[in-house]
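Peer 1:
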Amino acid sequence: MGDITSRQFDLMRSYIEEECGIALGKEKAYLITNRLSGLLTEYNIPDYEGLYYTLKNKKDPHLKERVIDSITTNETLWFRDKTPFRTLEEVLLPKYIEEVRAGGRNRIRIWSAGCSTGQEPYSIAMLINRYLAREGIRDVSPGNFEILATDISRRVLKIAEAGKYDDLSIARGLDLEYRSRYFTREGRDWVLDKGIRDRVEFKQFNLQNNFVALGKFDVIFCRYVTIYFSPDLKREIFRKIATALNRPWGVLFLGSSEVFTGYGDYFTRMLHNGGVYYKVKE
Ligand SMILES: C[S@@+](CC[C@H](N)C(=O)[O-])C[C@H]1O[C@@H](n2cnc3c(N)ncnc32)[C@H](O)[C@@H]1O
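Each number in the working numbering corresponds to the 1-based position in the sequence shown with 5 added.
(1) Are at least three pairs of beta-carbons, each pair with one atom in the stretch 158-170 and one in the stretch 71-78, less than 8 Å apart?
(2) List, from N- to C-terminal side, the beta strand (DSSP E) runs of 3 residues or more that fit wholly inside the stretch 182-263.
(3) In chain order, what residues of the same chain lie with their CB nearer than 6 Å to the CB of Y53, ignoring the 5 residues before and after it?
(4) If contacts are defined as beta-carbon pairs under 8 Å, then R85 and E125 qualify, I think. What distance do you get, rounded to the angstrom?
(5) Relative to the C-alpha of F64, which candidate in G269, F265 and Y20 has its C-alpha closest?
(6) Please classify A167: does DSSP put it in a helix, a strand, or coil?
(7) Going by beta carbon distance, what residues of the same chain come within less than 8 Å of E80, once the five residues before and after it are set aside?
(8) Can you tell which of H277, K208 and I102 has its C-alpha closest to the C-alpha of L137?
(9) Given this structure, state the Cα-to-Cα distance separating L250 from G55, to the nearest angstrom.
(10) Assuming R85 is part of the beta strand (DSSP E), what are its boundary residues?
(11) Give me, in chain order, the residues of the same chain whose beta-carbon lies closer than 8 Å to that of E287; leave out the 5 immediate sequence neighbours on both sides.
(12) By a C-beta neighbour count over all protein chains shown, 10 Å radius and 16 as the cutoff for buried, is L173 buried or exposed?
(13) Would you call the CB atoms of G119 and C25 closer than 8 Å?
(14) Which same chain residues end up closer than 6 Å to I133 when comparing Cβ atoms and leaving out the 5 residues on each side of it in sequence?
(15) Quick check: is any heavy atom of ligand 1 less than 7 Å from the C-beta of N215?
(16) Name the two residues that bound the continuous alpha helix (DSSP H) containing T38.
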């Protein structure tokens with residue numbers, strides 16, 4: 006196993022699964038050595054067993070955060086997969102706008118669960134803003150949509166909150182129209198308009214925790230997050246998501262390449278314009 010013994014791997018694997026839900030098979034031992042070896046040097050810890058006992062016994066919150074920041078995979082892009090955003094625009098927004106107009110309620114709540122550096126929730130916020138402007142809708146405003154974005158990693162949340170991106174991350178999925186409408190060049194960065202940034206509330210949240218305090222949602226994006234979890238934890242999270250969705254029109258979006266099985270008790274699989282989404286059962 007290279008730079009890590011079986012015992013060291015087992016200790017770190019159990020710690021990581023307990024803290025983040027991420028289940029690492031033996032073939033992923035390289036993730037521990039690739040991503041955590043720098044911490045051994047920085048904290049002057051001789052090996053991964055030492056790291057495990059330091060984490061367990063010293064309970065240094067900073068070191069724990071550093072392990073979480075390093076071990077999570079934060080790959081993301083703007084308007085990832087396209088189809089969820091098409092469904093949001095073509096199916097869900099018209100429906101929710103009608104509900105707001107009908108006077109039943111004035112808050113539509115959207116949750117980006119596992120938001121990484123912000124591309125997903127900001128894509129949602131830009132899409133809503135552009136949709137309302139393009140359709141000339143004035144009686145419903147972006148303020149009627151509340152977007153909560155959560156992640157376990159404080160490092161990515163900091164980047165997300167800043168709303169500043171370099172050329173490389175801007176180029177990944179963002180078309181020119183969105184870029185010129187919502188971003189300003191500042192030195193080497195592209196800075197997202199404050200009006201869009203203010204639409205998203207970022208919060209650290211571990212999906213292993215109870216969801217009740219977060220309230221109910223109309224739409225939950227939980228994409229490319231549970232692919233790293235055990236089947237049991239996945240099941241538990243999708244059960245909690247189903248409970249957190251409003252009825253009858255609560256919707257879950259997954260990543261387009263994610264395999265989702267055993268959801269029949271909670272969700273109905275729906276198709277729209279080349280994309281799949283999951284509508285909560287009543
Ligand atoms: C691959 S990114 C996906 C980002 C975005 N949803 C997308 O599809 O582009 C997965 C994110 O899930 C977060 N994550 C991993 N385990 C988590 C947990 N237990 N609770 C909350 N977020 C977690 C990671 O920190 C990471 O930023």
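Where a beta carbon is used, it is the ideal one built from N, C-alpha and C, also for glycine. Owing to the predicted nature of the structure, the values given are computational and were not obtained by experimental measurement.
Peer 2: Here's the rundown:
(1) The stretch 158-170 is in contact with the stretch 71-78.
(2) Here the runs fully enclosed are 188-191, 194-197, 205-209, 224-226 and 256-258.
(3) If we look at Y53 and ignore the five residues flanking it on each side, its Cβ neighbours are I9, Q13 and M17.
(4) Sure, about 7 Å apart at Cβ, within 8 Å.
(5) Before going on, a small fix: residue 64 reads as Lys here, not Phe. Considering only alpha carbons, the answer is Y20.
(6) A167 sits in a helix when the DSSP states are folded into three classes.
(7) Exclusion of the five residues before and after E80 leaves S121 and Y229 as the residues of its chain whose Cβ lies within less than 8 Å of its Cβ.
(8) The shortest C-alpha separation from L137 is found at I102.
(9) When rounded, the distance between both Cα atoms is 43 Å.
(10) Segment: none, R85 is in no beta strand (DSSP E) and carries neither H nor E.
(11) So the qualifying residues of the chain are R252 and P253.
(12) Counting Cβ neighbours within 10 Å, L173 comes out exposed, since fewer than 16 surround it.
(13) Taking a C-beta distance under 8 Å as the contact criterion, G119 and C25 do not qualify as a contact pair.
(14) Shown here for I133: same chain residues with a beta carbon closer than 6 Å to its own, the five before and five after excluded, namely P147 and F150 in chain order.
(15) Here the distance from the Cβ of N215 to the nearest heavy atom of ligand 1 is not below 7 Å.
(16) Residue range A34 to E47 is occupied by the alpha helix (DSSP H) that includes T38.
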